[in-house]
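Just so you know, the protein sequences line up as chains A and B, in that order. Numbering follows the UniProt record's numbering, with no gaps: position 201 of the first sequence is 201. Numbering follows the UniProt record's numbering, with no gaps: position 404 of the second sequence is 404. Yeah, the Cβ is synthetic: ideal placement off N, Cα and C, and Gly gets one too. Report on one structure; see the data block that follows.
Protein chains: 2
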Amino acid sequence: MATGVNKTAHAFDKTRLEGMLLRRFFYAPAFEIYRGVAGLYDYGPPGSSLQANIINEWRKHFIIEEGMLEIDSTILTPAPVFETSGHVARFADWMVKDTKTGDVLRADHLVKNVLEARLAGDKEARGIAAEPKEEEALKKQSKRKDKAAKAAPVKLSDEVAAEYERILAQIDNYSGPELGQLCRDHKIVNPDTGNEVTEPQPFNLMFTTSIGPTGQHPGYLRPETAQGHFVNFQRLLEFNNGRVPFASAQIGRSFRNEISPRAGLLRVREFTMAEIEHFVDPDDKRHERFNEVRDVELNLLDRHTQAAGSSAPKRMTVGEAVGKGVIANETLGYFVARIYLFLTKIGINPKRLRFRQHMANEMAHYATDCWDAEIENSTGWTECVGCADRAAYDLTVHAKRTGAPLVVREALKEPIVTEKEVPEFNKKLMGKTFGKDLPVVTQTVSTMSEEELIKLKGQLAQGEAVIKSADGREFKLTPEILTIERQTLKQSIREFTPNVIEPSFGLGRILYTLLEHSFWSREQDADRSVLSLPVVVAPTKVLIVPLSTKKFDELVQEVSSKLRKAGVFSRVDDSNQSIGRRYARNDELGTPFGVTLDFASLQNRTMTLRERDTTEQLIGGIDEVLAVVVDLCNGAIGWGEACERLERYTGQQNVD
Amino acid sequence: MATGVNKTAHAFDKTRLEGMLLRRFFYAPAFEIYRGVAGLYDYGPPGSSLQANIINEWRKHFIIEEGMLEIDSTILTPAPVFETSGHVARFADWMVKDTKTGDVLRADHLVKNVLEARLAGDKEARGIAAEPKEEEALKKQSKRKDKAAKAAPVKLSDEVAAEYERILAQIDNYSGPELGQLCRDHKIVNPDTGNEVTEPQPFNLMFTTSIGPTGQHPGYLRPETAQGHFVNFQRLLEFNNGRVPFASAQIGRSFRNEISPRAGLLRVREFTMAEIEHFVDPDDKRHERFNEVRDVELNLLDRHTQAAGSSAPKRMTVGEAVGKGVIANETLGYFVARIYLFLTKIGINPKRLRFRQHMANEMAHYATDCWDAEIENSTGWTECVGCADRAAYDLTVHAKRTGAPLVVREALKEPIVTEKEVPEFNKKLMGKTFGKDLPVVTQTVSTMSEEELIKLKGQLAQGEAVIKSADGREFKLTPEILTIERQTLKQSIREFTPNVIEPSFGLGRILYTLLEHSFWSREQDADRSVLSLPVVVAPTKVLIVPLSTKKFDELVQEVSSKLRKAGVFSRVDDSNQSIGRRYARNDELGTPFGVTLDFASLQNRTMTLRERDTTEQLIGGIDEVLAVVVDLCNGAIGWGEACERLERYTGQQNVD
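Shown next, in the form of structure tokens:
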């Protein structure tokens, strides 16, 4: 669409982007007039609309396209649920306190910031920091826009510098005590005050509350939507006629009490997620639609590459990746590819999108394989979607705790026939013989393996046998007391706990990186910013610009009502500003098309149509232009085709 | 659509409805396998989809149709915001405790349940309780399905019975101490245990939590979304080019820690709301689109009717209601009518919908007027939408607390010219004369009224004047020290705090009452239930039923992909059950249309189309039927027209 438009004339300017997003109220710190609380953001009209459009597209791409079962479960969650899931014990970050001020810092962030600052100081001292490219690379390496620790230009020994690099490369892998050790070994203090910090303590990231008037139900705000799927598994399975595979999906708010949220929408305390739980037979993780994505090419950064100290992804098709075992199974590969297709469809730059596999020690202990969709942005590579094979963990722990049968029962086409040694006791005689020891004897025999039973059977055939109970006592058995027979058993139902493949989307992170990827400034004027959001997610599709108010009210009504009927979301800008300024404002809002109503519209019923990126303008009859705009907004045609259907507008119209 | 169908052959059966909603997983108690927590519900696939469709229609009807500014603000809210809004002090219900068991009861519910039970017992003793109509009326009178207090058949004196009726009629108006007095006066005890209850204590309904790692930010989960609009007022106003009227809108989760939630979706602890804050000039509450709704007829139960002890609504147009002053102003009337249009569009029975005006002492002290949309259901009349004129309260209190100028500045077409007495001091001379008392003297003069200044001016003209400061001291002034002159002042900007009209929707309550209004059973078989949901909100629009699996896979793919492209949400039911059973299941799910693929489809490319309410079937070519179905789902045609476009299906097809 944007042929001939130079979008890279000006370097990406984060300050300008952030200023614009605030000015146009894409989002703003929540409770700003109350001086706010870190990590909470409100979405204004364009941000809210962009988010709604991303969600809408997500719903189409995943839920509707694949017939998923959408649910809407509660945020408030009683404590036992998160005790079972492991969140109460383990959903924590390590924090340290400034020993004098009591300021709280996240331990890994502290180590990272201080070491990065020292390395930057070292480079400066070595006289290589002046190179802006180096600095930028350093900035990108950092995942967050944390308050930078002061970079004194102090030269480090080569050994120390290398040691710092080594630590930073595996910063996500240190435990709390290890982080404490690093602070002591490398004299890491709070850079804001110069004070020492305490030993790292785990800080659980869940918000707590109490449900009911008497405080009898401690509860949490969910930190993810997943448990709401698992606890409803039986009803979902029944809804799906008792069969797997099927997927449930949920879009909703989650909460994490981040220790020190500082990176805008990338690390917040309240956020909207979209999660899928795909339940699948553990013995058959093929996916029936895998062929549709087999040839999708991806940038894959597998765990072996990372372990070898490289971060250069390999490019391969998902078919190849599953075939070679890089991705564990077809279903996981299918979703990785579908995630790629979704993200690029809404406007994420495919060159700045990679899938990084979790390292063995980074992954939850029960998970089989896990890939994060990471999107590059001004703070580095940010995890925006996780896609994990969680095996049978979740359903197993909830079933164990509650006794609910969270399993699939499948009628076997061919019953499984097995032969087995079965002991049969003469209870009456046993009672006489063993008295109160009867249960011990029964128990001892019942827990014998097949092999032991065969051996025992042989001994009984000889006349008698002696068995030993768990507490070491011996009991004599005779064929009158115990017979062991080989029996044929027929199993016609297979019962199993399904495995779960979980694609989990952080919508705020996707939204923010999309804004970065869409932002640029006009070649001729760096102050004229544009958000090249794809039509499918643009907050407003069409801007209606009347030359002035009153005179054009009727035409404005006509055009906006016709667009509304066609399902195209438009807005009228009838402010007193010049048409140019109104268009410039809407370039910042990412509005892809604009139509102008002027005196020619009154006289000749013509209307001009403007495209955001190229600023090209076309002209035609009002209904003709509307037909083209509707086709553009539905994705039926591109701007090239629009240019063929309408005349180019020269800026001159015949008005009597 | 349902001509000839008798939907009232069987009386409404709430137990059957609830059983069906649970079985089909419209919604279910949350965390059921953990034995649940009262007041929390999860929506399963059909409930979730129904809710999404209601929200979608709401967005079209209000946000898109009226160009409202949608926002998405956080649920977590720092405490000062709700201190300012008054929620910390006043958002409470009165609770009592059982003096022995400690069980908690809501005071007004306790009084209501016990007195209602006594009245029922009285009727039984008088031998009139056997009449089922009486009982039903009594049941309807109750707003909630609270655990019924035991109804011993004890006759009351006529005076006592009348007194009970009088109390029940104004049960919403008692304060906590008054409820306590009622318990003592009428010996009201916990009906479950027979124990006395404590004095009523206020219980704040907001859930508390703590934001950040050090607990320095106490916070609440919002009990409504409204404050998120008010704190963002400045940005919203700027987005709207500084002009009012405009409206912001938000759809989101809210939380209330109900004391004893017991009535399913009608009283829950976590719920989805949709709220509009319409900001308007306090001096001009006309609405430019009022004419479009002027003739909408409503059932209005105004406060005078209620005060006279009646609950018979008056039927009148909204134009008449505003004209006569029954509804306070045009904008409020406009929204009341728009609410009516929305509710009836999604399927609420207009005969069971009324608007009840708040009584003077029921309304918040700052509100000018307030109307609740009440929907009748098996528990009585339930408030589902509130529509209040909140005057300038919210913006005023937040501005006062934070110092943020939450005002509109409007350029006056005609500047307002005023004349005023203006004092001017000779600072140098005053310093010499009064020394450290100078500020006191200046302050005393500056705070004088116009009248006092004129008097002072007259005295000075005589030579000198004596003024008295606030602390009673006297100071002598001369014309050299102070001159007072009449000046002409020109004001070209008008600054005002806008008023707020707030329509506030409880979506869960609307959803539940809609389910009740849509539910009926087939005349020939009470066990065959149907949900006659309108197409626009039905969870699934079209059911695709292949005669069996495998053979029809290709056709199923074709039909479902064509429907998807046309934007129609369909589901395939390829379970092993008979076609009749599959249709019956989908009648319960409210699916309005079904198409069947059978051997004739394979041979002749024909398909049958079934309508849910009438169970009538039509037949035609696959593409022909698809065209009709798409028109039906888009609301372009009704079933009558569909019957004209396709042949009636006789149950016999030509298959070789």
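Spanning the alpha carbons of Ala-274/B and Ile-251/A requires a straight line of approximately 17 angstroms. Annotation: Ser-561/A to Phe-552/A spans about 14 angstroms, alpha carbon to alpha carbon. Residue state for Ala-249/A is assigned as strand, using DSSP reduced to three classes. Taken in chain order, the unbroken stretches of alpha helix (DSSP H) that lie wholly in the stretch 291 to 343 of chain B and span 4 residues or more are 303 to 307 and 318 to 323.
Around the C-beta of Asp-471/B, fewer than 16 other C-beta atoms lie within 10 Å, and the residue is accordingly described as exposed. In this structure, Phe-31/A lies near Val-231/B, with their beta-carbon atoms less than 9 angstroms apart. In summary, the residues of the stretch 264 to 286 of chain B whose CB is separated from some CB of chain A by less than 7 angstroms are Arg-269 and Glu-270, in the order they occur in the chain. Taking CB atoms only, Asp-185/A has no neighbour in chain B less than 9 angstroms away. Annotated three-state conformation of Gly-621/A is strand, per DSSP. Rounded to the nearest angstrom, the gap between the Cα atoms of Thr-488/B and Ile-416/B is 10 angstroms. Contact with chain A is absent for Phe-62/B, since none of that chain's Cβ atoms lies less than 9 angstroms from the residue's Cβ. Scanning the stretch 3 to 79 of chain A from its first residue to its last, the whole beta strand (DSSP E) runs of 3-plus residues come out as 27 to 29, 41 to 43 and 76 to 78. Take the alpha-carbon of Phe-496/B and the one of His-109/A: they are about 47 angstroms apart. DSSP places Tyr-366/A outside both helix and strand once states are collapsed to three, so it counts as coil. Taking 9 angstroms as the CB threshold, Thr-193/A stays off the interface with chain B. In this structure, the beta-carbon distance from Ala-364/A to Arg-390/A falls below 9 angstroms.
Exclusion of the five residues before and after Thr-368/B leaves Ala-328, Asp-389 and Ala-391 as the residues of its chain whose Cβ lies within less than 7 angstroms of its Cβ. At a cut-off of 9 angstroms, the C-beta of Val-81/A has a neighbouring C-beta in chain B. Listed by position along chain B, the residues whose Cβ is nearer than 8 angstroms to that of Phe-239/A are Arg-24, Phe-25, Gly-44 and Pro-45.
Beta-bridge analysis with DSSP links Leu-531/B to Phe-519/B. Put simply, of Leu-412/B, Ile-64/B and Asn-53/B the residue whose alpha carbon is nearest the alpha carbon of Lys-565/A is Ile-64/B.
Considering only beta carbons, the part of the stretch 72 to 100 of chain B lying closer than 8 angstroms to chain A consists of Asp-72, Ser-73, Thr-74, Ile-75, Leu-76, Thr-77, Pro-78, Pro-80, Val-81 and Met-95, in chain order. Among the CB atoms of chain B, none fall inside 9 angstroms of the CB of Asn-291/A. When the beta-carbon positions are compared, Tyr-34/A and Thr-402/B come within less than 9 angstroms of each other. Bridge pairing for Ala-92/B: Asn-204/B [DSSP]. Counting the other Cβ atoms within 10 Å of the Cβ of Val-466/A gives fewer than 16, which makes it exposed.
DSSP places Leu-597/A in the strand class (E or B) of the three-state scheme. Secondary structure of Leu-182/A (DSSP, three-state): helix. In terms of Cβ geometry, Ser-529/A and Arg-126/A do not form a close pair [threshold 9 angstroms]. For the stretch 396 to 414 of chain B, the beta-carbon criterion of a distance under 9 angstroms to any beta-carbon of chain A is satisfied by His-398, Ala-399, Arg-401, Thr-402, Gly-403, Ala-404 and Leu-406. Every beta strand (DSSP E) of 3 residues or more that sits fully in the stretch 399 to 459 of chain A is shown, in chain order, as 408 to 425. If the five residues before and after Gly-39/A are omitted, its C-beta is found closer than 6 angstroms to the C-beta atoms of Glu-258, Pro-261, Val-268 and Arg-269, all from its own chain and listed in chain order. In this structure the stretch 207 to 226 of chain B does not lie against the stretch 9 to 23 of chain A, because fewer than three pairs of beta carbons, one per stretch, are closer than 8 angstroms. Close partners of Glu-70/B in chain A (Cβ separation under 8 angstroms): Pro-45, Ser-48, Ser-49 and Ala-52. Within the model, the alpha-carbon separation for Gly-319/B versus Val-293/B is close to 8 angstroms. For Ile-167/A, the uninterrupted alpha helix (DSSP H) segment begins and ends at 158 to 169.
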